[in-house]
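In our numbering, the protein residues as written are 1 to 97.
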């Protein structure tokens with residue numbers, strides 16, 4: 001275990017918010033691309049279209065997982081910030097006894 005903690009709860013929350021935003025950005029990009037695919041679906045017919053859409057569906061899944069990962073990291077960092085604040089409050093309470 002490290003002897004010195006060099007992060008503040010506020011900094012963890014700031015970075016957590018950036019991860020949350022990144023997850024939202026990924027979700028927005030996927031929504032935009034899905035819209036492009038809907039438009040393409042209306043103007044393209046043929047066997048190549050089917051292959052293209054299958055490939056898109058396969059490649060889209062890792063991006064969905066990335067969005068989930070950003071949310072998990074956001075929650076972990078927020079939880080860590082809360083734990084640090086709680087530990088500080090507990091130590092202060094013990095000192096005041």
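Backbone N, C-alpha and C fix where the C-beta goes; we use that ideal spot for every residue, glycine too.
In this text, all values refer to a predicted model and were calculated from it rather than measured experimentally.
Residue i (DSSP reduced to helix, strand or coil)
i, result
"residue 6", "coil"
Rounded C-alpha distance that separates residue i from residue j
i, j, result
"residue 86", "residue 27", "33 Å"
"residue 48", "residue 41", "12 Å"
"residue 69", "residue 91", "33 Å"
"residue 20", "residue 94", "35 Å"
"residue 66", "residue 35", "19 Å"
"residue 51", "residue 30", "19 Å"
"residue 83", "residue 12", "11 Å"
"residue 113", "residue 46", "The question about residue 113 has no answer, for the chain in this structure spans 1 to 97."
"residue 3", "residue 57", "47 Å"
Enclosing alpha helix (DSSP H) for residue i [first to last residue]
i, result
"residue 88", "47 to 96"
Buried versus exposed, by CB contacts within 10 Å (16 or more), residue i
i, result
"residue 74", "buried"
"residue 59", "exposed"
"residue 89", "exposed"
C-beta contact flag for residue i and residue j at 8 Å
i, j, result
"residue 78", "residue 16", "yes"
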